[in-house]
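Chemist:
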Amino acid sequence: MSSDLQSALELLRMNDYASVVVITAVIYDYFLTFSRELEYVWHRPWTWVSTLFVMVRYLGLSWAM
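Residues 3 to 67 in this note's numbering are what the sequence shown lists, from first letter to last.
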């Protein structure tokens, strides 16, 4: 029974590590692309494509977390 518990705890730890890696990659991507986002989305007239971009980028991120 103890080995089952230890195995489950090890899987949870690996899941936590994977979550940290994914969150780090997403944040890194945001830092890399933020200047282009400012140029192509926020400093231009608002269109349906801008709305779609914001929905996918920010609502998708909030749902993922």
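Ideal placement from N, C-alpha and C gives every residue a C-beta, glycine not left out.
Here the structure is a predicted model, which means the values were calculated and not measured.
Which residues in the same chain as Gln8 place their Cβ atom closer than 7 Å to its Cβ, once the five residues preceding and following it in sequence are excluded?
Modeler: Hits under 7 Å: none found.
Chemist: Using a Cβ-Cβ cut-off of 7 Å (strictly less than) and excluding sequence neighbours within five positions of Ile25, which residues of its own chain qualify?
Modeler: Correct list: empty, nothing qualifies.
Chemist: Whole-angstrom Cβ separation of Val43 and Ser52, contact assumed at under 8 Å?
Modeler: Right, the Cβ-Cβ distance comes to about 5 Å (below 8 Å), so this counts as a contact.
Chemist: In whole angstroms, what separates the C-alpha of Leu13 from that of Glu41?
Modeler: Their backbone Cα atoms lie some 42 Å apart in a straight line.
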